[in-house]
């Protein structure tokens, strides 16, 4: 079968999404359609289709007679999203524990060893990267495309918030311990234990973000 190339609006949506995540389009900023058409070298029709995609994903908000703005994630949004994604990723951990084979276990073992190395070195960027790979591995092992789709949508919103929960004092070590608890439950084939440990892991991320926000507010003049 021939591979169908991405449509213009898919390509435009991907470029805009990347700019939003990179911070080139900051939260709250207005998207000038004329300027975007010129920058992306497309007409208004595919651009507007791309904007609709990003509005549906929650990355943009549309205001009648005004246009599109980059979405802003509030503390209330985070309070509402984290319990939901904790439930969803918890379920993914449950299904992954049931489905994982020996080769999957070995691959996860290597990822957790790498996570420990990054934690010991205080290498936060590497820790984030490996942490993401571990979460992706659990979601893939769950083998539930609907679960993966909803988690992916919520992750986009959390990515928009540019969160730095590992900056909270002691959070790096706490996060590592939580990951090792999840993996230990998976190795025991304890589906319920893995699910509970993953939920705890996500909810503690929210607690760490509150700590970071409080610390930041104290430092502000």
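In this note's numbering, the protein residues as written are 11 to 231. Glycine included, each C-beta is placed from N, C-alpha and C at the ideal position.
Practice task
Within 10 angstroms of the Cβ of residue 193, are there 16 or more other Cβ atoms? Answer buried if so, exposed if not.
Solution key: On the chain shown, residue 193 is found 183 positions in, with the first residue counted as 1. Burial call: buried.
Exercise for the section: Measure from the alpha carbon of residue 100 to the alpha carbon of each residue in 61, 63 and 188, then state which is nearest. Expected result: Taking the chain shown and counting its residues from 1, the one referred to as residue 100 is at position 90. Looking at the Cα atoms, 188 is the closest of the given residues.
Exercise for the section: Would you verify that the beta carbon of residue 21 is, or is not, closer than 8 Å to some beta carbon of chain C? Expected result: The displayed structure is made up of one protein chain only, and chain C is not part of it.
Practice task
Return helix, strand or coil for residue 136, following the three-state DSSP convention.
Solution key: Start at 1 with the first residue of the chain shown, and residue 136 comes out as number 126. Looking at residue 136 - three-state DSSP - the assignment turns out to be helix.
Problem - The alpha helix (DSSP H) enclosing residue 188, as first and last residue numbers - result: Within the chain shown, the letter at position 178 stands for residue 188. Element bounds for residue 188: 181-197.
Exercise for the section: To the nearest angstrom, report how far apart residue 19 and residue 56 are at their CA atoms. Expected result: Counting from one through the chain shown, the residue named residue 19 turns up at place 9. Counting from one through the chain shown, the residue named residue 56 turns up at place 46. Roughly 5 Å separates the two Cα atoms.
Problem - Beta bridge counterpart(s) of residue 78 as assigned by DSSP - result: Taking the chain shown and counting its residues from 1, the one referred to as residue 78 is at position 68. According to DSSP, residue 78 bridges with 72.
Practice task
Go through the stretch 91-133 residue by residue and report every complete run of the alpha helix (DSSP H) that reaches 4 residues or more, in order.
Solution key: 112-131
Problem - Counted within 10 angstroms of its Cβ, other Cβ atoms place residue 53 as buried (16 or more) or exposed - result: Numbered from its first residue, the chain shown carries residue 53 at position 43. Residue 53 comes out exposed.
Problem - Alpha carbon of residue 88 to alpha carbon of residue 149, nearest angstrom - result: Against the chain shown, residue 88 aligns to sequence position 78. Against the chain shown, residue 149 aligns to sequence position 139. Taking the straight line from one Cα to the other gives about 21 Å.
Exercise for the section: May I ask which residues mark the beginning and end of the alpha helix (DSSP H) holding residue 165? Expected result: In the chain shown, the residue the question calls residue 165 occupies position 155. Start and end: 155-170.
Problem - Selection from 204, 168 and 25 that minimises the alpha carbon distance to residue 142 - result: In the chain shown, counting from the first residue as 1, residue 142 sits at position 132. Residue 142 has its Cα closest to that of 168, out of 204, 168 and 25.
Exercise for the section: Could you name the residues that DSSP lists as bridge partners for residue 148? Expected result: By one-based count along the chain shown, residue 148 stands at place 138. Paired residue(s): none; residue 148 is not in a bridge.
Practice task
Report back the beta-carbon spacing between residue 190 and residue 122 to the nearest angstrom; my notes put them in contact at under 8 Å.
Solution key: Numbered from 1 along the chain shown, position 180 holds the residue referred to as residue 190. Numbered from 1 along the chain shown, position 112 holds the residue referred to as residue 122. Going by Cβ atoms, the distance from residue 190 to residue 122 rounds to 7 Å, so yes, they are a contact pair.
Problem - residue 40 - partner residues in DSSP beta bridges - result: Residue 40 sits at position 30 when you count from the first residue of the chain shown. Partner(s): 79.
Exercise for the section: Alpha carbon to alpha carbon, how far is residue 65 from residue 160? Give it in angstroms, no decimals. Expected result: Locating residue 160 in the chain shown gives position 150, where the first residue counts as 1. Locating residue 65 in the chain shown gives position 55, where the first residue counts as 1. If I take the Cα positions, the gap works out to 16 Å.
Exercise for the section: Please state whether DSSP places residue 203 in a helix, a strand or coil. Expected result: Counted from its first residue, the chain shown places residue 203 at position 193. Three-state result, residue 203: helix.
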